[in-house]
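Q: Residue numbers (my numbering): 1 to 333.
Just so it is clear, CB atoms sit at the ideal spot from N, CA and C, and this is done for glycine as well.
1. May I have the straight-line CA-CA distance separating residue 174 from residue 218, to the nearest angstrom?
2. In whole angstroms, what is the alpha-carbon distance linking residue 303 and residue 141?
3. Beta strand (DSSP E) containing residue 121: first to last residue?
4. Can at least three beta-carbon pairs, one atom from the segment 105 to 123 and one from the segment 61 to 73, be found at a separation below 8 Å?
5. Terminal residues of the continuous beta strand (DSSP E) containing residue 156?
6. For residue 147, name the three-state secondary structure that DSSP assigns.
7. For the segment 223 to 256, which segments carrying the beta strand (DSSP E) assignment without a break, of at least 3 residues, lie completely within its bounds, in sequence order?
8. Nearest-angstrom Cα distance between residue 327 and residue 209?
9. Is the Cβ-Cβ distance between residue 181 and residue 229 less than 8 Å?
10. Can you tell me which residues form a DSSP beta bridge with residue 184?
11. Between residue 57 and the rest of its own chain, which residues show a CB-CB distance below 6 Å, the 5 nearest in sequence each way excluded?
12. Which of the three DSSP states, helix, strand or coil, is assigned to residue 265?
13. Out of 123, 324 and 268, which one is the CA nearest neighbour of residue 222?
14. Quick one: give me the first and last residue of the alpha helix (DSSP H) that residue 83 is part of.
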């Protein structure tokens, strides 16, 4: 027969304390360090485990943090989800991960479902940061946004997209590129993302001829979009707003018999670990994913613990030069 779950009363009897005192000690509240250690040792010996449902009812908390990803076909977002899940576990919290698959309607439905399932807070890398529903959602639970700012959040880890886009385009310009294609996962239904707006303005400032096209994060879709672009226009460089999309450009170039970077230069935007393994390695913009994870976990933990101060972390970019971008010959375009 399986062993019966030990109760908090049995831990109290073993330690000579009241059940209330044991409960406080197990949660690290209102008791000395010595008492806390004694209670936890007795609980471990007896095999006591807190009933998660009873604990949630008593505290009003589930210990669950919703993690809503824009698209888990983006390998960088996969790495982000893994890092945040591990970071939350170190804080005795658990991630409930949902994938919006690049669909703004699904993003809204999933965000509302997580709220209705009583998660303690929500971390989101939004597809549509300007959507009206975020204001109502942020009033009902703590939300931390990653990447783009959302009005009303408890905190945000935003990317300095102005600096990142400028850094990328200036690097291409300095190497002689003037005809540049930009591949973005942003859809026509979500046109106001800062990076997409800034790339057009910066291209005008730098005198660049750019064409912006949409590409999904998945390899097959990104390859198809890149193939159409390379066949129709023949840019000297392709700047991708995700390394996952850049991998599709590599695949399309290979299909078309184009050398990288001899025939076309390729640049990414998030420095996924895979990018250094390509041949040639992908030149990209590094946003320090470990720093993003630490900041997001810290902000959501503070907010769900009752903190009322809204905090904003601005993540600075670093250019990671590898071999996928070449200087354009003087006779080239």
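A: Here's the rundown:
1. For the purposes of this step, residue 174 is identified with residue 174 of the chain shown, where counting begins at 1. For the purposes of this step, residue 218 is identified with residue 218 of the chain shown, where counting begins at 1. When only Cα atoms are considered, residue 174 and residue 218 end up about 31 Å apart.
2. Here residue 303 is taken as the residue at index 303 of the chain shown, counted from 1. Here residue 141 is taken as the residue at index 141 of the chain shown, counted from 1. Here the alpha carbons of residue 141 and residue 303 stand approximately 9 Å from one another.
3. Locating residue 121 in the chain shown gives position 121, where the first residue counts as 1. Counting along the chain, the beta strand (DSSP E) containing residue 121 begins and ends at 121 to 124.
4. Touching, per the Cβ criterion.
5. Counting from one through the chain shown, the residue named residue 156 turns up at place 156. Where residue 156 is concerned, the enclosing beta strand (DSSP E) stretches over 155 to 159.
6. In the chain shown, the residue the question calls residue 147 occupies position 147. It is a strand residue.
7. The segment 223 to 256 contains these whole beta strand (DSSP E) runs: 237 to 240.
8. Within the chain shown, residue 327 is the residue found at index 327, counting from 1. Within the chain shown, residue 209 is the residue found at index 209, counting from 1. If I take the Cα positions, the gap works out to 17 Å.
9. Locating residue 181 in the chain shown gives position 181, counting from the first residue. Locating residue 229 in the chain shown gives position 229, counting from the first residue. Against a cut-off of 8 Å, the Cβ pair of residue 229 and residue 181 comes out as a contact.
10. Translated into the one-based positions of the chain shown, residue 184 becomes position 184. Residue 184 pairs with 214.
11. Here the question's residue 57 lines up with position 57 in the chain shown. Caution is warranted here: a pLDDT of 44 is assigned to residue 57, below 50, making its placement in the model unreliable, and no coordinate value can be reported.
12. In the chain shown, residue 265 corresponds to position 265, counting from 1. The answer is strand: DSSP assigns residue 265 an E or B state.
13. Counting from one through the chain shown, the residue named residue 222 turns up at place 222. It is 268.
14. Here residue 83 is taken as the residue at index 83 of the chain shown, counted from 1. First-last of the alpha helix (DSSP H) with residue 83: 75 to 90.
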